[in-house]
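Below: one structure, written as structure tokens.
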Amino acid sequence: MPIFKIKDKKFSELKSKTPTERELQELVDENLYDIFGLQFIKREFGGQGLFIDTIAYDPETKAPVLIEYKKDTYQSVVDQGMAYLHWLLTHKGDYQVALSDNLGKKEVEKVTQQVKTYTLEDHLQKASERIKELFGKLQKLISSLDERIQAKPVSWYVGYKIRYANFCSVSIYRDKLRIYVRKGKIDDPKNMFKKVPTKWKLGKTSVWYTDINSDKDLEYVLSIIKQGYQSAPDL
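Residues in the sequence shown are numbered consecutively from 1, following full-length UniProt numbering.
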């Protein structure tokens, strides 16, 4: 279907040009964070005849992400991806050097420590039955904001996002839930939320938090979470 632009009440057809694989790769690589929430590491990464088009880094899961660009459908693309993954697993040192060159040694140390994939069950194990029930109610309310919302458990919290940017997260303790909301400023008439100190280094956007241990404030807390959701950069 043709696409038109309007100027002075006149239509003119926009001529589109299909980009080459290289043009597409360069365009996506330069905007990886805005599109996928990933940090660019290197192009044509590999060796021994295997070269990954782009290798990126997921700052939330601390994991590498392999990106291959294709203009068509190839049946062998899965096999190719598995070959790249095998090469990466047997050449972790090369990846860590590339990561260090781009992100620094401290981030490499975090990556080497990230050996476990976390689940909701991992977090709920330490919670009392009352807190488990409270968390279930809270998660249901958060999910009701948008059917696209994903829950992503990591080491010390469960993050909630549309695509890549957490607008809120929940840390589960035995006798309470700690809720974090990411937003520059919040409308909090009850003054329930405190601002996270900058020394916690949770990003450039301000983060606010509060603790709850009963469902009496759930609706109010949801109203604050909704503010974070509405200002999420990937909404």
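Ideal Cβ placement from N, Cα and C applies to all residues, glycine included.
From a predicted model like this one, the values you see are computed outputs, not experimental measurements.
Asked, Found
"Cβ-Cβ distance between lysine 42 and isoleucine 55 below 7 Å", "yes"
"Threonine 198 and isoleucine 179 closer than 7 Å at C-beta", "no"
"Residue of Gly49, Thr119, Leu103, Glu60 minimising C-alpha distance to leucine 88", "Gly49"
"Buried/exposed call for alanine 63, threshold 16 Cβ in 10 Å", "exposed"
"Aspartate 102 - DSSP class collapsed to helix/strand/coil", "Sequence check: residue 102 is asparagine here, not aspartate. Three-state result, asparagine 102: helix."
"Inter-stretch contact (C-beta, 8 Å, three-pair minimum) for the stretch 129-148 and the stretch 88-98", "no"
"Valine 181 beta carbon less than 7 Å from that of cysteine 168", "yes"
"Boundaries (first-last residue) of the alpha helix (DSSP H) holding leucine 177", "Here leucine 177 belongs to no alpha helix (DSSP H); instead the beta strand (DSSP E) covers 177-182."
"Three-state secondary structure (DSSP) of tyrosine 69", "coil"
"Between the CA atoms of phenylalanine 40 and leucine 32 - distance to the nearest angstrom", "7 Å"
"Cβ pair phenylalanine 36, tyrosine 229 closer than 7 Å", "no"
"Cutoff 7 Å; reference leucine 222; Cβ partners in own chain excluding five residues on either side", "Leu141"
"Within the UniProt domain \"DUF5655\" (121-231), ranges of the beta strand (DSSP E) (whole runs, at least 3 residues)", "150-153, 158-161, 166-172, 177-182, 207-212"
"Proximal residues to valine 115 (C-beta, below 8 Å), its chain only, five neighbours per side dropped", "Caution is warranted here: a pLDDT of 48 is assigned to valine 115, below 50, making its placement in the model unreliable, and no coordinate value can be reported."
"Segment limits, alpha helix (DSSP H) that includes aspartate 79", "77-89"
"Cβ neighbour criterion (16 or more within 10 Å) applied to phenylalanine 4", "exposed"
"Contact set for phenylalanine 193: own chain, Cβ-Cβ below 8 Å, skip 5 residues either direction", "Val181, Ile186, Trp208, Tyr209, Thr210, Ile224"
"For leucine 124 and lysine 137, believed in contact at Cβ under 8 Å, the rounded distance", "13 Å between Cβ atoms; not a contact."
"Close-in-space but distant-in-sequence residues of the same chain around lysine 152 (CB under 6 Å, 5 per side omitted)", "Gly159"
"Straight-line gap, tryptophan 156 to serine 171 (C-alpha atoms, nearest Å)", "6 Å"
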